[in-house]
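Asker:
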Ligand SMILES: [Zn+2]
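Numbering (my numbering), first residue to last: 9 to 419.
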């Protein structure tokens with residue numbers, strides 16, 4: 009596919025990411041502008057999770073083969089895993105998911121029912137042994153950074169946690185300017201891919217069906233799309249070529265809590281088994297950024313844009329003011345750069361910066377008055393205004409993860 013909005017072509021043109029045969033297929037690296045987008049996205053997710061009561065952990069990308077034998081990945085998922093490595097008489101594996109690590113972290117001490125729901129989150133690396141033929145850009149990669157979380161809770165808390173996760177997904181999509189193509193209730197299909205526990209499947213499917221029914225969201229059930237340990241709600245998006253993929257997911261799992269013998273102490277003083285809700289707001293960072301590039305054609309919402317403000321001094325005389333403005337932007341945490349007269353005519357510099365949300369033109373009059381004349385990416389041109397007022401307004405919109413470039417229509 010080589011459409012106008014192919015993320016691989018745009019990613020290279022905009023200097024966001026690339027690959028090199030010497031590093032390997034399916035192993036993209038991020039250039040500074042791509043890293044800026046990724047950093048903003050990761051920070052958004054971490055902040056949203058902290059606000060929603062999640063606690064963040066870090067866990068290693070390697071684990072003993074035994075860990076994945078217990079979780080069930082070895083029996084049900086090893087086709088997608090890299091072969092184990094022999095180290096000092098043991099076999100270690102590049103992890104295919106974060107779940108087993110989080111299950112083990114949960115049981116590092118005992119938990120009371122009063123601590124539940126316990127929400128554990130991590131933006132962590134995982135690996136998938138994709139075949140070379142299917143690798144491309146950021147959508148099919150072998151090294152994945154996953155926005156993952158596991159909620160350990162009682163059976164009665166599952167529905168509310170799943171509902172809250174769907175709500176976080178809805179808010180994130182609003183900030184990212186993404187529209188879901190459809191919601192999918194992903195169920196098991198025929199074949200030996202799934203753990204055999206009919207009663208657990210029935211209960212978890214009933215729970216997720218109820219959550220979807222109450223949400224009022226339209227959804228379709230699809231067989232053969234479940235995780236090997238349980239059913240899931242998948243949020244599907246479509247790319248420029250109309251191909252569908254899963255970005256976000258909410259899953260109910262009775263299997264791994266049992267395999268790892270997880271428990272909490274109930275109000276009755278006895279041991280009870282928690283349920284694990286697996287959820288991801290944006291899925292893998294790679295796939296999310298690929299989708300964002302295609303969705304916006306490189307014109308990201310301002311809070312994600314690699315350069316948020318380009319400073320355009322009309323002549324060399326305004327260069328000191330441009331430098332001063334760049335410093336004030338940096339102090340506010342705004343990503344700004346100067347495109348001076350050495351880069352061509354003002355018209356050429358404006359065209360070159362067409363994907364930048366804000367263009368601040370500084371002429372002799374603006375320099376004297378400490379004003380800026382703002383041009384917005386959508387074509388609007390604002391009258392010269394005090395620099396501090398403009399920066400405050402931009403910072404407020406960016407801080408709120410707004411998709412609006414300017415909220416004052418008096419331009
Ligand atoms: Zn998981």
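Backbone N, C-alpha and C define an ideal beta-carbon position, used for all residues, glycine too.
Measure the C-alpha to C-alpha separation of residue 419 and residue 365 and round it to an integer number of angstroms.
Answerer: One-based indexing of the chain shown puts residue 419 at position 411. One-based indexing of the chain shown puts residue 365 at position 357. No answer about residue 419 holds up, because its pLDDT of 43 lies below 50 and its placement is not dependable.
Asker: Quick check: what's the CA-CA separation for residue 87 versus residue 137?
Answerer: Your numbering for residue 87 matches position 79 in the chain shown. Your numbering for residue 137 matches position 129 in the chain shown. The straight-line gap from Cα to Cα measures roughly 8 angstroms.
Asker: Secondary structure at residue 9, three-state DSSP: helix, strand or coil?
Answerer: Start at 1 with the first residue of the chain shown, and residue 9 comes out as number 1. Because residue 9 sits at a pLDDT of 44, beneath the cut-off of 50, its placement in the model cannot be relied upon, and the following sentence gives the value as read from the coordinates. It is coil, neither helix nor strand.
Asker: Closest to residue 394 by CA distance: which of 407, 378, 254 and 256 is it?
Answerer: Locating residue 394 in the chain shown gives position 386, where the first residue counts as 1. For residue 394, the nearest C-alpha among the options comes from 378.
Asker: Compute every distance between the C-beta of residue 107 and the non-hydrogen atoms of ligand 1, then say whether any falls below 6 angstroms.
Answerer: The count along the chain shown starts at 1 and reaches residue 107 at position 99. Residue 107 Cβ: within cutoff of ligand 1.
Asker: Can we say the stretch 239 to 250 touches the stretch 271 to 278, given the rule of at least three CB pairs closer than 8 angstroms?
Answerer: no
Asker: Taking the C-alpha atoms as reference points, what is the distance between residue 160 and residue 107?
Answerer: Mapped onto the chain shown, residue 160 falls at position 152. Mapped onto the chain shown, residue 107 falls at position 99. Straight-line Cα distance between these residues: approximately 11 angstroms.
Asker: Pull up the CB-CB distance for residue 145 and residue 291, whole angstroms please, since I reckon it's below 8 angstroms.
Answerer: To locate residue 145, count along the chain shown from 1; it is residue 137. To locate residue 291, count along the chain shown from 1; it is residue 283. Wrong, their Cβ atoms sit about 15 angstroms apart, outside the cutoff.
Asker: Within a Cβ cutoff of 7 angstroms, which residues of the same chain sit near residue 398, ignoring the five residues on either side of it in sequence?
Answerer: Along the chain shown, one-based indexing puts residue 398 at 390. Closer than 7 angstroms at the Cβ level, and outside the excluded window around residue 398, lie 380 and 382.
Asker: Based on the DSSP secondary-structure assignment, which residues constitute the bridge partners of residue 155?
Answerer: As a working mapping, residue 155 is identified with position 147 in the chain shown. Paired residue(s): 131.
Asker: Restricting to Cα atoms, I'd like to know which of 329, 184, 46 and 400 is closest to residue 152.
Answerer: Locating residue 152 in the chain shown gives position 144, where the first residue counts as 1. Ranking the options by Cα distance to residue 152, first place goes to 46.
Asker: Do you know whose CA, among 269, 392 and 64, lies nearest residue 79's CA?
Answerer: Counting from one through the chain shown, the residue named residue 79 turns up at place 71. Nearest of 269, 392 and 64 to residue 79, Cα basis: 269.
Asker: My output table needs one value for residue 98: the three-state DSSP class, helix, strand or coil.
Answerer: The residue labelled residue 98 in the question sits at position 90 within the chain shown. In this structure, residue 98 counts as strand in the three-state DSSP scheme.
Asker: Near residue 147, what residues of its chain come up, given a Cβ to Cβ distance below 6 angstroms and the 5 sequence neighbours on each side ignored?
Answerer: Along the chain shown, read from residue 1 onward, the residue named residue 147 stands at position 139. If the five residues before and after residue 147 are omitted, its C-beta is found closer than 6 angstroms to the C-beta atoms of 295 and 298, all from its own chain and listed in chain order.
Asker: Once DSSP output is grouped into helix, strand and coil, what is the label at residue 284?
Answerer: Within the chain shown, the letter at position 276 stands for residue 284. Reduced to three states, the DSSP call for residue 284 is strand.
Asker: Within the present structure, is the beta-carbon of residue 64 separated from the nearest heavy atom of ligand 1 by less than 6 angstroms?
Answerer: For this step, residue 64 is matched to residue 56 along the chain shown. No, Cβ of residue 64 sits at least 6 angstroms from all heavy atoms of ligand 1.
Asker: What number of angstroms, rounded off, separates the C-alpha of residue 373 from the C-alpha of residue 325?
Answerer: On the chain shown, position 365 is the one that residue 373 refers to. On the chain shown, position 317 is the one that residue 325 refers to. The alpha-carbon atoms of residue 373 and residue 325 are separated by roughly 11 angstroms.
Asker: Any heavy atom of ligand 1 within a distance shorter than 6 angstroms of the CB on residue 81?
Answerer: Counted from its first residue, the chain shown places residue 81 at position 73. No, the beta carbon of residue 81 sits no closer than 6 angstroms to any heavy atom of ligand 1.
Asker: Residue 203: buried (16+ other C-beta within 10 angstroms of its C-beta) or exposed?
Answerer: The residue you call residue 203 lines up with position 195 of the chain shown. Looking at its Cβ environment, which holds 16 or more other Cβ atoms inside 10 Å, residue 203 is buried.
Asker: Answer yes or no: do residue 361 and residue 293 have a C-beta to C-beta separation smaller than 7 angstroms?
Answerer: One-based indexing of the chain shown puts residue 361 at position 353. One-based indexing of the chain shown puts residue 293 at position 285. Contact flag unset, no.
Asker: So what does DSSP say about residue 138, is it helix, strand or coil?
Answerer: Against the chain shown, residue 138 aligns to sequence position 130. Residue 138: coil per DSSP, three-state reduction.
Asker: Where does residue 419 sit, in a helix, a strand or coil, going by DSSP?
Answerer: Your numbering for residue 419 matches position 411 in the chain shown. Its pLDDT being 43, under 50, residue 419 is placed unreliably in this model, and the coordinates cannot settle the point.
Asker: Taking 6 angstroms as the limit between beta carbons, can you name the residues of its chain near residue 33, skipping five residues before and five after?
Answerer: Locating residue 33 in the chain shown gives position 25, where the first residue counts as 1. So the qualifying residues of the chain are 140 and 143.
Asker: Would DSSP call residue 258 helix, strand or coil?
Answerer: As a first step, residue 258 must be located in the chain shown, where it is residue number 250. Strand at residue 258.
Asker: Measure the alpha-carbon distance for residue 54 versus residue 332 and round it to whole angstroms.
Answerer: Walking along the chain shown from the start, residue 54 turns up at place 46. Walking along the chain shown from the start, residue 332 turns up at place 324. Taking the straight line from one Cα to the other gives about 32 angstroms.
Asker: Quickly, what does DSSP pair residue 252 with across the bridge? List them, please.
Answerer: Counting from 1 along the chain shown, the entry for residue 252 is found at position 244. Its beta-bridge partners are 246.
Asker: Taking 6 angstroms as the cut-off, is the beta-carbon of residue 286 closer than that to any non-hydrogen atom of ligand 3?
Answerer: Absence of ligand 3 is noted for the structure shown, with ligand 1 being the only ligands found.
Asker: Just the Cα atoms here: how many angstroms apart are residue 174 and residue 64?
Answerer: Position 166 of the chain shown, counting from 1, holds the residue named residue 174. Position 56 of the chain shown, counting from 1, holds the residue named residue 64. Straight-line Cα distance between these residues: approximately 19 angstroms.
Asker: Using alpha carbons as the reference points, say which of 99, 150 and 169 lies closest to residue 128.
Answerer: Taking the first residue of the chain shown as position 1, residue 128 is located at position 120. The shortest C-alpha separation from residue 128 is found at 169.
Asker: Indicate the three-state DSSP secondary structure (helix, strand or coil) for residue 209 in the structure shown.
Answerer: Walking along the chain shown from the start, residue 209 turns up at place 201. Here residue 209 sits in helix by DSSP.
Asker: Taking the continuous beta strand (DSSP E) assigned at residue 380, which residues delimit it?
Answerer: Along the chain shown, one-based indexing puts residue 380 at 372. Residues 379 to 384.
Asker: Could you check the C-alpha separation between residue 29 and residue 16 for me, to the nearest Å?
Answerer: Walking along the chain shown from the start, residue 29 turns up at place 21. Walking along the chain shown from the start, residue 16 turns up at place 8. When rounded, the distance between both Cα atoms is 15 angstroms.
Asker: State the CB to CB distance for the pair residue 219 and residue 239, rounded to an integer number of angstroms; the pair is presumed to be in contact (CB under 8 angstroms).
Answerer: Translated into the one-based positions of the chain shown, residue 219 becomes position 211. Translated into the one-based positions of the chain shown, residue 239 becomes position 231. That pair is no contact at about 11 angstroms.
Asker: Please classify residue 258 as buried or exposed, where buried requires at least 16 neighbouring CB atoms within 10 angstroms.
Answerer: For the purposes of this step, residue 258 is taken as the residue at position 250 of the chain shown. Classification of residue 258: buried, given that the 10 Å Cβ count is 16 or more.
Asker: At the level of alpha carbons, what is the spacing between residue 7 and residue 102?
Answerer: This structure does not reach residue 7, given that the chain is present from 9 up to 419, and the question cannot be answered.
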